[in-house]
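Here the sequence shown stands for residues 1 to 126, numbered as in full-length UniProt numbering. C-beta: ideal position from N, C-alpha, C; glycine also.
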Amino acid sequence: MSEDTLLAQLRTLELHLLDPQLRATVQVLEALLDPAFVEFGTSGRRYTRREVIAALSAPSGAAEYYADGFECVRLAPDLAQLRYRSMDCRHGVKRQALRSSLWRNNAAGWQLLFHQGTLFTENAAF
Numbered sequence: 001m002s003e004d005t006l007l008a009q010l011r012t013l014e015l016h017l018l019d020p021q022l023r024a025t026v027q028v029l030e031a032l033l034d035p036a037f038v039e040f041g042t043s044g045r046r047y048t049r050r051e052v053i054a055a056l057s058a059p060s061g062a063a064e065y066y067a068d069g070f071e072c073v074r075l076a077p078d079l080a081q082l083r084y085r086s087m088d089c090r091h092g093v094k095r096q097a098l099r100s101s102l103w104r105n106n107a108a109g110w111q112l113l114f115h116q117g118t119l120f121t122e123n124a125a126f
């Protein structure tokens, strides 16, 4: 698989996780999140796969995310890192974050193994 094809595929999967309708579906989340999934949220808190599935599938009116600046680095034949910027608005407050996702290719296809978000301000240098 070419690097461009890998980037396109992982970008699509990541955007599924940012789509409010798709991420509210337990079956979609179970298919996309590796059984060993862990997230370090922008709050600094560590989340397990079970906690993320419960939080995202709960009817809470979750924020709508926008993402851009996607980059992909293949770390091993079955492991890739996706990096991008996100923006969301909750209760009138705009938040931006740099994001890093590790995707692992296994028998179920590409699944998200690890995700981390780090808040930044508009004046931050990239």
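- Is the CB-CB distance between Arg104 and Glu3 below 8 Å? no
- Item | Limits of the beta strand (DSSP E) - the one that Glu71 falls within | Tyr65 to Ala76
- Item | Straight-line Cα distance separating Cys89 from Gly41 | 16 Å
- Item | the segment 4 to 19 in contact with the segment 80 to 87 per 3-pair CB rule at 8 Å | yes
- Work out the CA separation of Ala36 and Gln111 for me, nearest whole Å. Each residue's alpha carbon lies about 10 Å from the other.
- Message: Just verifying my parser: in three-state terms, what is the DSSP assignment at Glu122?
- Response: coil
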